[in-house]
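Visitor:
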């Protein structure tokens, strides 16, 4: 009975060792950066298998569709047949919406961009009443609207206000100008466009011209750089005051100062 019992115990232990491959292990290979076809080949040689547990955020440091991380780690000793857990780099970067940054502080805008996975590029300043306040968001000189979908990791430039300058300039002469002309005219003089009010009877905004502005045009410097100018537009040109050529000429660029042609 003793011999039979000892034999049964030995047989049971032998069977368990064979079933669990006790004492038999393999070293986990380094799969980082490998494509799945390469992973399959490498793990078959080691009698190991794998499962994808996550398709992580796109990492430009790894090839698309390659292994970013693994568990157990490379160099670990595991039994044959073990299933490795793999995290794969997506084939395409995920696109996210650009947050609304206009009128936010520089610090808040940078935080919002970085928390969304964007990179902050150049910080540009121009005269504006709000100091360190975002007034435009750009990529390669192209302004962006909030909600625009962009790849994570995209570099975004911020245009910030430098606050009102102490330097005084004339309130410019904007009458007879279209909206686009008025906006360009203001930018050249380090001023900003404020409210834009159209007459109710306007049917085609492309023909509308400025007939009123606030502050009004001035002969002497009276407003700070960065100030906003409100304008009113109309298609009824009889509303537009015809000021003297001398007054209009005062607001022309120096190169045209002696030209008698009205700035229409």
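Residue numbers (the numbering used here): 368 to 631. Cβ coordinates follow ideal geometry from the N, Cα and C atoms, glycine included. Note that the coordinates shown come from a computational prediction; the quantities given were computed from them, not determined experimentally.
Could you check how far apart the C-beta atoms of residue 437 and residue 398 are, in whole angstroms? I think they sit under 8 Å.
Guide: For the purposes of this step, residue 437 is identified with residue 70 of the chain shown, where counting begins at 1. For the purposes of this step, residue 398 is identified with residue 31 of the chain shown, where counting begins at 1. Between residue 398 and residue 437 the Cβ distance is about 5 Å, and since that is below 8 Å, they are a contact.
Visitor: Helix or strand or just coil, what does DSSP make of residue 474?
Guide: Your numbering for residue 474 matches position 107 in the chain shown. Here residue 474 sits in helix by DSSP.
Visitor: Expressed to the nearest angstrom, what Euclidean distance is found between the alpha-carbon atoms of residue 626 and residue 540?
Guide: Start at 1 with the first residue of the chain shown, and residue 626 comes out as number 259. Start at 1 with the first residue of the chain shown, and residue 540 comes out as number 173. Residue placement at residue 626 is poorly supported in this model, since its pLDDT is 44, which falls under 50; the coordinates still yield a value, given next. When rounded, the distance between both Cα atoms is 16 Å.
Visitor: Going by DSSP in three states, residue 604 sits in which element: helix, strand or coil?
Guide: As a first step, residue 604 is located in the chain shown; it is residue number 237 there, counting from the start. Residue state, collapsed to three classes: helix.
Visitor: What does the alpha-carbon distance come out to for the pair residue 408 and residue 428?
Guide: To locate residue 408, count along the chain shown from 1; it is residue 41. To locate residue 428, count along the chain shown from 1; it is residue 61. The straight-line gap from Cα to Cα measures roughly 23 Å.
Visitor: On the DSSP bridge list, what partners appear for residue 394?
Guide: Your numbering for residue 394 matches position 27 in the chain shown. Answer by DSSP bridge pairing, in chain order: 444.
Visitor: Grouping DSSP H, G and I as helix and E and B as strand, with all else coil, what is residue 534?
Guide: For the purposes of this step, residue 534 is identified with residue 167 of the chain shown, where counting begins at 1. Reduced to three states, the DSSP call for residue 534 is coil.
Visitor: In the DSSP output, what is residue 450 paired with across the bridge?
Guide: Position 83 of the chain shown, counted from the first residue, corresponds to residue 450. DSSP output for residue 450 lists 416 as bridge partner(s).
Visitor: Please report how far the alpha carbon of residue 523 lies from the alpha carbon of residue 510, in whole angstroms.
Guide: Mapped onto the chain shown, residue 523 falls at position 156. Mapped onto the chain shown, residue 510 falls at position 143. Going by the C-alpha atoms only, they are around 10 Å apart.
Visitor: DSSP three-state label for residue 438, please.
Guide: Along the chain shown, read from residue 1 onward, the residue named residue 438 stands at position 71. Here residue 438 sits in strand by DSSP.
Visitor: Just how far apart, CA to CA, sit residue 465 and residue 501?
Guide: Start at 1 with the first residue of the chain shown, and residue 465 comes out as number 98. Start at 1 with the first residue of the chain shown, and residue 501 comes out as number 134. For residue 465 and residue 501, the distance between alpha carbons rounds to 14 Å.
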